[in-house]
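Comments concern the structure below.
Chains as they are written, first to last, in the UniProt record's numbering: chain G, 1 to 343; chain P, 1 to 343.
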């Protein structure tokens, strides 16, 4: 009798209700691949966009889903030497969701899309760090070349990616300014390592940044918003500094680009995603293997020494709860990662 | 009796009528400086913006003006070895207009802001190449890293900077697509070296570029406009390509930034000016001395072998004609550089 495994698929685009848990033949890892018994699935906004067909890649139906998982290696391709059966592994964003999608009891992953899970991390934590830390690493260190004597400005600081960026900047030794809309979450940011917090609905962001930096501005801006703050951000960036937009959270309020301020301040501007560095053949992205190696080393170091925490807002118990968990993510109420544990 | 020299100054901001030709004590070159007897002054749009106080630097009144001149060295600072009395020299954009402004009978220039004028160039030509070729060089080769097998898209191709960029790209060996609004100027662009001409009011720019490049897009876009074409340009750039805005010609029609297309196509976007590479202490720009050396070598090579022509639309005779010449520039009727010769 052929063994089967339960995997999520969708046969039409839409909200999480379209997701079906289906019994499929257990897949075998090919060359360069590993099969993982999944213990935790961590939700990512990209998963929701993918199921809705609002993502940068287009799902071919029926399609699977899921970027971020953690589990145990249970089979390896015949050429695989980096991982062995029994290893605890975490997926990392270095594959295309059109090629590998991981929500279910088991997942096939390419070795380049895996890292060993830190010993001190639970499966839930092990499923939840990768997107945030890899996205932050490439932006702050490879694009922004952030140095210890410099200042970084992190918008939407209390988001998972914002908090990860704070930890990365802290490890570099840079001065950190984090923004949040109101001062309610000020302590969360200070506890996470921010040196200064600016509540953007209560203070003038550009003025505050100039005050904090003695008129220099932020050397690197790590911005999830690209929204109504744009003109303020353009005025807050250092001359010849870097303004990196990594998400488009505020898509309904996307602002005019501050052309004149850009011309005057000569900053570098990026609309960036993690796959610019890890590559994605479906998006035509070549990636940068040297930067990817540096990223893995930097992140493994920070995970091992405890500098890179992960905040989990809520754990849903059991594979069947995935649609509920995704609806909870869609409600925008979470203050950290949402995880589904697989019994 | 102290010798005097006639130099243009303005004591109030405004149109070219505010320019006064005044007799001032002949200045002596300091360390690192040269005094040039000016034979030709070439007009630049920046000169007009400077006099109107609409430029990125602010004139301290009374102020002088003028970036681009050509003439003969008549005195050198005591430490200067690169230039000697009698050398024909051209100013190059590697100084601040707040520190050195050159329209008049004589001009003091720092040695880093000078190049020897090519032997086969008239003074008028010698005054007219520098801004266009240095601006094009840094954009195409240092930011864009344009290669022989790649495609460059040059907007406003018939402008002085557009034509210079075509010559630079031609020297690199890249495939050149130039835009113009209507097909009237198609031949000018083909004669200058463009491989393809797109008349943007008659054709769909993004579709044409994709057709020409077999769906790849332009590796580098060199764009003077940042205007109504922006969404088209974002769709015409290669994935992970470079879109470099070097001027803001269309300031009345500056377009919304194509955020979503940027996110999908992962292109690099720059609002750039030549001083980003040559430095400008008044603008806080550090410059890049290695790139500046490469630029001088590349441009001197192209000037010497005849690959870098300059188109002069009109010569005004005599120092006194500067205000008329500047008004002519303001009328936007010129199809090349406007030069004032100094008798």
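Here a beta-carbon is modelled for each residue, glycine too, at the ideal position from N, C-alpha and C.
Only a predicted model underlies this, so the values are computations on that prediction, with no experimental measurement involved.
**Item:** Proximity to residue 284 of chain G [Cα-Cα], best of P/162, P/215, P/318, P/209
**Value:** P/215
**Request:** Could you spell out where the alpha helix (DSSP H) holding residue 212 of chain P opens and where it closes?
**Result:** 205 to 212
**Asked** If we count Cβ pairs, one from each stretch, closer than 8 Å, do we get three or more for the stretch 68 to 77 of chain G versus the stretch 254 to 264 of chain G?
**Response** no
**Message:** Going by C-alpha to C-alpha distance, which of P/106, P/41, P/59 sits closest to residue 49 of chain P?
**Reply:** P/59
**Prompt:** Going along chain G, which residues have a C-beta under 9 Å from residue 92 of chain P?
**Reply:** Those do not exist, as residue 92 of chain P stays about 19 Å from chain G at its closest Cβ, beyond 9 Å.
**Cross-strand partners of residue 223 of chain G (DSSP beta bridge)** = G/245
**Message:** Just verifying my parser: in three-state terms, what is the DSSP assignment at residue 276 of chain G?
**Reply:** helix
**Asked** How about residue 87 of chain P: is its C-beta nearer than 8 Å to some C-beta of chain G?
**Response** no
**Request:** State the Cα-Cα distance for the pair residue 129 of chain P and residue 57 of chain P, rounded to the nearest angstrom.
**Result:** 22 Å
**Request:** Could you spell out the range, first to last residue, of the beta strand (DSSP E) harbouring residue 10 of chain G?
**Result:** 4 to 10
**Request:** Helix, strand or coil for residue 83 of chain G, going by three-state DSSP, please let me know.
**Result:** coil
**Message:** Going by DSSP, what residue range makes up the alpha helix (DSSP H) through residue 133 of chain G?
**Reply:** 130 to 137
**Message:** Looking at the secondary structure, which residues open and close the alpha helix (DSSP H) in which residue 51 of chain P lies?
**Reply:** 45 to 51
**Asked** Can you find a C-beta in chain P that's less than 8 Å from the C-beta of residue 270 of chain G?
**Response** yes
**Asked** What residue from G/274, G/334, G/52 has the CA that sits closest to residue 313 of chain G's CA?
**Response** G/334
**Prompt:** Where does residue 147 of chain G sit, in a helix, a strand or coil, going by DSSP?
**Reply:** coil
**Request:** Please confirm if residue 262 of chain G has its CB atom under 8 Å from at least one CB of chain P.
**Result:** yes
**Item:** One or two residues paired with residue 73 of chain G in a DSSP bridge
**Value:** G/36
**Contact set between residue 239 of chain P and chain G, taken where Cβ atoms lie within less than 8 Å** = 283, 284, 285
**Request:** Taking only the alpha-carbon atoms, compute the straight-line gap between residue 291 of chain G and residue 276 of chain G and give it to the nearest angstrom.
**Result:** 11 Å
**Prompt:** Relative to the C-alpha of residue 7 of chain G, which residue among G/55, G/64, G/18, G/268 is closest?
**Reply:** G/64
**Asked** Using a Cβ-Cβ cut-off of 7 Å (strictly less than) and excluding sequence neighbours within five positions of residue 23 of chain G, which residues of its own chain qualify?
**Response** 4, 6
**Prompt:** What's the gap between the Cα of residue 303 of chain P and the Cα of residue 146 of chain G?
**Reply:** 39 Å
**Message:** Could you pull the DSSP bridge partners for residue 115 of chain G from this structure?
**Reply:** G/90
**Asked** By Cβ distance below 7 Å, which residues in the same chain neighbour residue 188 of chain G in space, the five residues on each side in sequence not counted?
**Response** 158
**Item:** C-beta neighbour in chain P for residue 235 of chain G, strict 8 Å
**Value:** no
**Message:** Buried or exposed for residue 151 of chain G, going by 16 or more other Cβ atoms inside 10 Å?
**Reply:** buried
**the stretch 56 to 82 of chain P: positions lying closer than 8 Å to chain G by Cβ** = 56
**Prompt:** For residue 30 of chain P, which three-state DSSP category applies?
**Reply:** coil
**Prompt:** Would you say residue 223 of chain P and residue 209 of chain P are within 8 Å of each other, going by their C-beta atoms?
**Reply:** no
**Request:** Give a yes or no on whether 8 Å exceeds the smallest Cβ distance from residue 257 of chain P to chain G.
**Result:** yes
**Item:** Three-state class that DSSP yields for residue 96 of chain P in the structure shown
**Value:** coil
**Prompt:** When DSSP labels each residue in this structure, what does residue 104 of chain G get in the three-state scheme?
**Reply:** strand
**Request:** Count the C-beta pairs between the stretch 163 to 173 of chain P and the stretch 106 to 125 of chain P that are closer than 8 Å, then say yes if the count reaches three, no if not.
**Result:** no
**Asked** For residue 34 of chain P versus residue 71 of chain P, is the C-beta spacing smaller than 8 Å?
**Response** no
**Nearest to residue 144 of chain P (by Cα), restricted to the options P/247, P/242, P/293, P/90** = P/242
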